[in-house]
Every structure is written in structure tokens, then in C-alpha cells.
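First residue of the sequence shown: 1, per this note's numbering; consecutive thereafter.
Positions of the beta carbon are idealized from the N, C-alpha and C atoms, including for glycine.
In this text the structure is predicted, and so the values were computed from the model without any measurement.
Working notes for the structure below.
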Amino acid sequence: MYICILRKKRKIKRHTLKTLATLMLCLCLPCIALAQDEAEEAAEEEIADGIREAVDTIDTRDKFTKIVLYNDFSWEYYSLGRPVLDSVDFDDHWNTEKIHAYKELSLSEIPNEVDILLVDSLHAFVPPIVGKVRSRYSFRRTRPHRGTDIPLAVGTPVRAAFDGKVRIAEFSRRTGGYGNLIVLRHANGLETYYGHLSKHNVHPDEVVKAGEIIGYGGNTGRSTGPHLHFEARYMGQAFDPERIIDFENGTLRDTVFTVKKHYFSIYSHYGQTEEESIAASQRMTHTIRSGDTLGGLAAKYGTTVSNICKLNNISRSTTLRIGRRLIVR
Ligand SMILES: [Zn+2]
């Protein structure tokens, strides 16, 4: 430690250096004690000149607290600030096993409009990554793409967008196309997803601060070329992340975001007018999968069986062929 401090000191007198060089040749305790005296003397002289500098920081067991060492051999704790997570009920639908924790919640249970405070004096925003968007939130060929893709180099640090708590941090069969995935729940009520990572740095239930490196960019899962797949969700419902984040400039669009129900449509995206978004959201379709029933679809999309029948000109007894796409809203 002494050696380290001495090395970092900028203005050590020549005679001090000379003495120290001699002293360092003898690797015995009395010499180190002498070196300490010398260093303290030198430090005192500097402190007398009013120069007190931090020379090193040491990690503690608590990642939000560091120890700072000064050139006068004093030290102090330095708090990085602990995220305040009291504004959201983190126990509600908290699940570290299921990727989508709100799956059983239907759209009808979600309010039409909710104002979300994205940043305030206690909660900051840091872009997960800054870069050009390659693929947007949209219906892509045969499947919806519920996030924003930003190309990156494998190993690029990926940061938590807001303060929050890690719900998912894993790479398994369960994460499917997401590959190595991190899901964070935030103090503002949103969840953010970070997919295709090469490595994750955090574990479920861990508290993270906005800007903290939670993982590194990669090419895992259903991915063609290294990129970050970023999703923003409210109560499990995805909306276009570009509504809140300008990825190219690494900034928020606004400090407050009003989540509207029609944003959850895969056809509704940033840049549309209110009317366009509403109209787009009404084109919602569903591709029939094994196990789907009209009742199940009606509940999932917040509509009724008779509405789905009317929209698709079918009856309640029509066989739902797998792969068929129905307009559900
Ligand atoms: Zn993607």
C-alpha cells in the first residue's frame, strides 16, 4: 500500500526518492517502517502545501460503498448512493423463474393510461448502450419483434437503464431466442430486457444502479450477428423502447412517459401520431398455436369471443388450425 501511494505521489523531493530507493532494497520490516516515516514526512510537507489527493480506491463487500485512500494516509468510506426502490411493489408478480412474470395478467386488467416518471432527483437514466438502431419494434415476417436491436461488438459493456432489481439473469433453454438474458424491474414500474448477451454480471434479486455494467454484448440465442435486443415492458406488456429512449444519442425522449394501452400493439411504434397508433393497434392479429382457444385469445387480448368471430367471419365451433392468423382486435 505504501509503495502504491508513493508511486502515485507527484511531487516527492529528490532526497526522499533517493532514501526510499535505498530503503526498498532491504525487504525487512524495520525498513518498511522507515519508508513509512519517510512517506509520511513527505506527505505532511505536501499537505502543508494544501495538496490532499485521493490515490486509490478499494472495493468493499458492499458494491455501493468504496474506501478511498488519500496521500496523507487517511481513508474514508465513499458511498456511491444506494438505489431507492420504494416506489414500486417489487413483490407483485415477482418471479425469478419465469421470463415473463405477468403472463397471466390480461390487457383488460391494465389501466388505459399510466404516467411513469422516468427520472427525478433520486433516479437517473443511463443508456444501456449508445448506437444506431438496426431493427425496430415491429411485426417481422412471421413473428413480432418486441424490442429494439442495436449492433455492438462482443464484450461491449451493457448498462442498467434505471435503478432496479434483477429478476432474470440466465442463459438456458428457458430463455429461448433471447439467449443470455437479463430482466430488470425498475423503481419506476417498468421492466427492461437485455438479450443475446455474451456474459451476465449480476444474479437474480440483486439491486442495481442505473449505469451499472450488468453484462456484456454478444450473439447468443436467436441472433444473426452481435447486437443488444432491448425491450421495455409495463406489467409484462412490451411497447416500442424508442418511445422512451433515443438510442443514437443515448438520451431519454422526456422525463415523464405516458404508457397508453394502444402502445402494446406490435403495429404501434414511435413516430406515429396518436390516431395512427390507435388505428395500427386495431390491426392486432394472432397466429394460432397448439392449445389456443377462442376464450383464451379473448382474455389475452382484452376482447370477447363474439368480437373475434365477427372480425374473422368464423363461428364459435370453427376449428382453429395451427398457423392460421386471426385478427383479434
Ligand atoms: Zn431483437
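Quick one: what's got a C-beta closer than 6 angstroms to residue 326's C-beta in the same chain, skipping five residues either side?
286 and 312
If contacts are defined as beta-carbon pairs under 8 angstroms, then residue 165 and residue 207 qualify, I think. What distance do you get, rounded to the angstrom?
5 angstroms
Quick check on the burial criterion: 16 or more other C-beta atoms within 10 angstroms. Buried or exposed for residue 80?
exposed
If you measure from each CB to the nearest heavy atom of ligand 1 and keep those under 6 angstroms, what residues do you get, in chain order?
Cβ-based neighbours of ligand 1 within the cut-off: 135, 145, 147, 149 and 229.
Residue 112 to residue 268, Cα distance in whole Å?
15 angstroms
Please classify residue 28: is it buried, with 16 or more other beta-carbons within 10 angstroms of its beta-carbon, or exposed?
Note that residue 28 has pLDDT 44, beneath the 50 cutoff, so the model's placement of it is unreliable and the number below is only indicative. Under this definition residue 28 is an exposed residue.
Specify, as a first and last residue, the run of the alpha helix (DSSP H) that residue 275 falls within.
The continuous alpha helix (DSSP H) containing residue 275 extends over residues 274-281.
Assign residue 148 to one of two classes, buried (16 or more other C-beta atoms within 10 Å of its C-beta) or exposed (fewer than that).
buried
Since I believe residue 218 is in contact with residue 180 (beta carbons under 8 angstroms), could you give me their beta-carbon distance rounded to a whole number of angstroms?
6 angstroms
Check whether the Cβ atoms of residue 152 and residue 226 lie closer than 8 angstroms to each other.
yes
Going along the chain, which unbroken runs of the beta strand (DSSP E) with 3 or more residues stay wholly within the segment 124-170?
138-140, 143-145, 148-151, 157-159 and 164-170
What does DSSP give as the partner residues of residue 75 in its beta bridges?
69
In three-state terms, what does DSSP make of residue 191?
The three-state reading of DSSP puts residue 191 in strand, counting E and B together.
Which ranges would you report for the alpha helix (DSSP H) in the segment 291-324 if only whole runs of at least 4 residues count?
294-300 and 305-312
When the distance is taken between beta carbons, is residue 259 closer than 8 angstroms to residue 198?
no
Could you give the residue range of the beta strand (DSSP E) that holds residue 259?
Annotation for residue 259: the continuous beta strand (DSSP E) segment containing it runs 256-260.
Can you find the residues in the same chain that come closer than 7 angstroms, C-beta to C-beta, to residue 223, ignoring five residues on each side of it along the sequence?
179 and 196
Would you grab the beta carbon distance between residue 257 and residue 116 for me? Rounded to a whole angstrom, and I think it's under 8 angstroms.
Yes, residue 257 and residue 116 are in contact; Cβ-Cβ is about 5 angstroms, under 8 angstroms.
On the three-state DSSP scale, how would you describe residue 118?
coil
Would residue 334 and residue 159 qualify as a contact pair, given that the criterion is a beta-carbon distance under 8 angstroms?
Residue 334 cannot be examined here, being either before or after the span of the chain that is shown, 1 to 329.
So, at 6 angstroms on beta carbons, what are the nonlocal neighbours of residue 328 in its own chain, with the 5 sequence-adjacent residues on each side left out?
284, 286, 297, 301 and 308
If you compare alpha carbons, which of 71, 82 and 102 is closest to residue 51?
Checked all of 71, 82 and 102; the closest Cα to residue 51 is 71.
Please identify the residue among 214, 73, 324 and 60 whose C-alpha is closest to the C-alpha of residue 127.
214
Quick check: what's the CA-CA separation for residue 262 versus residue 277?
7 angstroms
Expressed to the nearest angstrom, what Euclidean distance is found between the alpha-carbon atoms of residue 299 and residue 238?
17 angstroms
Since residue 230 and residue 193 should fall inside the 8 angstroms C-beta cutoff, what is the C-beta to C-beta distance between them, to a whole number of angstroms?
For residue 230 against residue 193, the beta-carbon gap comes to about 7 angstroms, under 8 angstroms, which counts as contact.
Only counting the same chain, and skipping five residues up and downstream in sequence, which positions put a Cβ closer than 7 angstroms to that of residue 356?
The requested residue 356 is not part of the displayed model; the chain covers only 1 to 329.
Skipping 5 residues on each side, what residues in its chain have a beta carbon closer than 7 angstroms to that of residue 59?
By the criterion of a C-beta distance shorter than 7 angstroms, residue 59 is surrounded in its chain by 66, once the five residues flanking it on both sides are discounted.
Roughly how many angstroms separate the alpha carbons of residue 54 and residue 73, rounded to a whole number?
Rounded to the nearest angstrom, the two C-alpha atoms are 10 angstroms apart.
Quick one, are the C-beta atoms of residue 236 and residue 103 less than 8 angstroms apart?
In this structure, residue 236 places its C-beta atom within 8 angstroms of the C-beta atom of residue 103.
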